[in-house]
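Same order as they appear, the protein sequences are chains V and D. First residue of the first sequence: 1, per UniProt numbering; consecutive thereafter. First residue of the second sequence: 1, per UniProt numbering; consecutive thereafter. Here the structure comes first, spelled out in structure tokens, and everything after it is commentary.
Protein chains: 2
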Amino acid sequence: MGRSTQSKLSLKKPRQVRDAEATKKQILDAAEAEFSRYGLSGARTEAIAKGAGVTTAMIYYYFQSKEGLYQAVLQRPAVEMHEVLQQLNLDRLPPEEALNLLVKEAIAYEAAHPHRGILWFQEANQNQGKYFKQGNWQENFAYLIEILERGMAEGCFRQLDPFLTTLHIIGVCNLYFNAYENIKHTRPDLQLLSPEMIEQHTQAAVKFILAGVRNIGD
Amino acid sequence: MGRSTQSKLSLKKPRQVRDAEATKKQILDAAEAEFSRYGLSGARTEAIAKGAGVTTAMIYYYFQSKEGLYQAVLQRPAVEMHEVLQQLNLDRLPPEEALNLLVKEAIAYEAAHPHRGILWFQEANQNQGKYFKQGNWQENFAYLIEILERGMAEGCFRQLDPFLTTLHIIGVCNLYFNAYENIKHTRPDLQLLSPEMIEQHTQAAVKFILAGVRNIGD
DNA sequence: GTCTATAATACGATAGAC
DNA sequence: GTCTATCGTATTATAGAC
């Protein structure tokens, strides 16, 4: 059996317009959705082309190969995330405020790019994190680790393992989106991706995380 | 490009032994690994057969179709998890102890079956949770929700959203395993899947979660 | 119950016209 | 820069021998 038929009738955008950058972006966007769902080997170039409103030949014209396209797709969030983190200037804030802001930004980013967390999950499990290793994720992790270490040093956070706690915090933020398609079935009464529900998730996550790290003898 | 060559030289178990149950289990085990990595449409029946030490014809003999095998693979953890939760008799413990035990058991289960969390993630994103919906996951979620509600009623947990907090707790427990193949590259000095590291993850997770829900005015 | 052989289709990638 | 047509291979699924 094939894959689920997703009748997304792409209403034939007027092609033959010859705008290289626009075409490239359309392919990248369609590829992001396809790769996040099916991973590198599972994604279908034909599906990406259809999603972008072009032919498969365009993919090879711009990205040489399926794997070349995959790499380009992975690059975007790694770079973007790093820029976002840099611009936050987290080291100017006291640890609690920095953590508060980071969690809010992380969830907002996930909500704005719901495919991207899943994309990296596919990279992990299908590709053993080959391209994750090459990206600047170590640096991105470091932002959170530094906040935790600073909080411990200043006494506002309890003694904890910064690395493991970083993973725990990311888990709190991301499961909501990563497992959305399963979770939605447990609460058909809720619109989990509505701004209101995401705001509730954000606030609950912030409280949970801050309570989880705070030094109660403070 | 194909998929990563995984030279698992299956040292030719003596087939032609005609043990139906054993063969069935071998296929299920190999399928669990393959489906968790590639999802329903991405998995290759040939790879499953090779991993089980049989031919693809056996898969169709026992499970009728690729999707039939997929369903059978998903069934096992859903049933097993429910049994584990039932036998814990969590309602006989005070909320904090119940939560402590549940988290430890959940992580131990993940560690013992490292493919299964990922398997359900693939089901979510590649299959829109079609078979998650049919399983008894609502009931499994309920165990955790009940503990949280009981803790709030008794005053040992702070006021929180039981549904969202359930998701947050699951996120803390699972990211470690779900994203392992990426995470391992950020800490090549650690053996993340060693019993020692898993024990540290468990203890840190328990502390983080209990601190996250505890009522400090207690 | 298990295997070999093969039919039918799907897919990645390219050549060449426009 | 974009499309159509197509080559070669990979993949699901089945028929039939043992």
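We treat Cβ as the ideally placed atom computed from N, Cα and C, and that holds for glycine.
Three-state secondary structure (DSSP) of residue i
{"i": "ARG187 (chain D)", "result": "coil"}
{"i": "ARG214 (chain V)", "result": "strand"}
Cβ-Cβ separation, residue j to residue i (assumed contact under 8 Å), whole Å
{"i": "ALA33 (chain D)", "j": "GLY51 (chain D)", "result": "6 Å"}
{"i": "TYR143 (chain V)", "j": "LEU74 (chain V)", "result": "Their Cβ separation, rounded to whole angstroms, is 20 Å, which puts TYR143 (chain V) and LEU74 (chain V) out of contact at 8 Å."}
{"i": "TYR180 (chain D)", "j": "LEU167 (chain D)", "result": "Wrong, their Cβ atoms sit about 20 Å apart, outside the cutoff."}
{"i": "VAL103 (chain D)", "j": "ILE147 (chain D)", "result": "10 Å between Cβ atoms; not a contact."}
{"i": "ARG127 (chain D)", "j": "LEU40 (chain D)", "result": "This sequence places Asn at residue 127 (chain D); Arg is not what is there. With 8 Å as the limit, ASN127 (chain D) and LEU40 (chain D) qualify as a contact, their Cβ atoms being about 6 Å apart."}
Which listed residue (the options) has its alpha carbon closest to that of residue i
{"i": "PRO195 (chain D)", "options": "D:ALA111, D:PRO94, D:LEU88 and D:THR56", "result": "D:ALA111"}
{"i": "LEU160 (chain D)", "options": "D:GLY212, D:GLY117 and D:LYS207", "result": "D:GLY212"}
{"i": "GLU96 (chain V)", "options": "V:ILE118, V:GLY217, V:GLU154 and V:GLY42", "result": "V:GLU154"}
{"i": "ARG150 (chain D)", "options": "D:THR23, D:GLY42, D:PRO94 and D:SER65", "result": "D:PRO94"}
{"i": "ASP189 (chain D)", "options": "V:PHE163, V:ALA204, V:LEU210 and V:LYS184", "result": "V:PHE163"}
{"i": "ARG158 (chain V)", "options": "V:ILE118, V:ASN215, V:ASN178 and V:PRO114", "result": "V:ASN215"}
{"i": "ASN125 (chain V)", "options": "D:GLN128, D:ARG37, D:ARG18 and D:LYS25", "result": "D:ARG37"}
{"i": "ASN182 (chain V)", "options": "D:PHE35, D:GLY117 and D:GLY53", "result": "D:GLY117"}
{"i": "GLY42 (chain D)", "options": "D:GLY135, D:GLU67 and D:VAL54", "result": "D:GLU67"}
{"i": "GLU80 (chain V)", "options": "V:GLN203, V:PHE35 and V:GLU105", "result": "V:GLU105"}
{"i": "ILE59 (chain D)", "options": "D:GLN87, D:ASP29 and D:GLY135", "result": "D:ASP29"}
{"i": "GLN203 (chain D)", "options": "D:ASN136, D:LEU101 and D:HIS185", "result": "D:LEU101"}
Rounded straight-line distance, which links the Cα of residue j to that of residue i
{"i": "THR56 (chain D)", "j": "ALA31 (chain D)", "result": "12 Å"}
{"i": "THR165 (chain V)", "j": "ALA49 (chain D)", "result": "40 Å"}
{"i": "residue 219 (chain V)", "j": "CYS173 (chain V)", "result": "This structure leaves residue 219 (chain V) out entirely; chain V is present only between 1 and 218."}
{"i": "ALA176 (chain D)", "j": "PHE141 (chain V)", "result": "Correcting the residue type first, residue 176 (chain D) is Tyr in the shown sequence and not Ala. C-alpha separation (whole angstroms): 14 Å."}
{"i": "LEU99 (chain V)", "j": "LYS130 (chain V)", "result": "29 Å"}
{"i": "HIS82 (chain D)", "j": "ASN89 (chain D)", "result": "12 Å"}
{"i": "ILE107 (chain D)", "j": "GLY171 (chain V)", "result": "13 Å"}
{"i": "CYS156 (chain V)", "j": "TYR62 (chain D)", "result": "59 Å"}
{"i": "ARG44 (chain V)", "j": "LYS133 (chain D)", "result": "26 Å"}
{"i": "ALA205 (chain D)", "j": "GLN138 (chain V)", "result": "22 Å"}
{"i": "PHE121 (chain V)", "j": "ALA78 (chain D)", "result": "22 Å"}
{"i": "GLY53 (chain V)", "j": "GLU123 (chain D)", "result": "27 Å"}
{"i": "THR27 (chain D)", "j": "ASN178 (chain V)", "result": "First, the amino acid is wrong: residue 27 (chain D) is Ile here, not Thr. If I take the Cα positions, the gap works out to 28 Å."}
{"i": "ILE209 (chain V)", "j": "ALA47 (chain D)", "result": "42 Å"}
{"i": "ILE198 (chain D)", "j": "HIS113 (chain D)", "result": "13 Å"}
{"i": "ASP19 (chain D)", "j": "LYS25 (chain D)", "result": "10 Å"}
{"i": "GLY135 (chain D)", "j": "THR23 (chain D)", "result": "25 Å"}
Members of the stretch 192-215 of chain V that neighbour chain D once the beta carbon cut-off is set at 8 Å: GLN200, HIS201, ALA204, ALA205, LYS207, PHE208, ILE209, ALA211, GLY212, VAL213 and ARG214
Contacting positions in the stretch 176-189 of chain V - beta carbon closer than 8 Å to chain D: Residues TYR176, ASN178, ALA179, TYR180, GLU181, ASN182, ILE183, LYS184, HIS185, THR186 and ARG187.
Near-chain V residues of the stretch 139-162 of chain D (beta-carbon distance less than 8 Å), N- to C-terminal order: PHE141, ARG158, LEU160 and ASP161
Chain V contacts from the stretch 120-132 of chain D (Cβ-Cβ distance under 9 Å): TRP120, PHE121, GLN122, GLU123, ALA124, ASN125, GLN126, ASN127, GLN128, GLY129, LYS130 and PHE132
The stretch 31-56 of chain D: positions lying closer than 8 Å to chain V by Cβ: If the cut-off is 8 Å between Cβ atoms, the stretch 31-56 of chain D has SER36, ARG37, TYR38, GLY39, LEU40, SER41 and GLY42 near chain V.
Members of the stretch 94-117 of chain V near chain D, C-beta cut-off 8 Å: none
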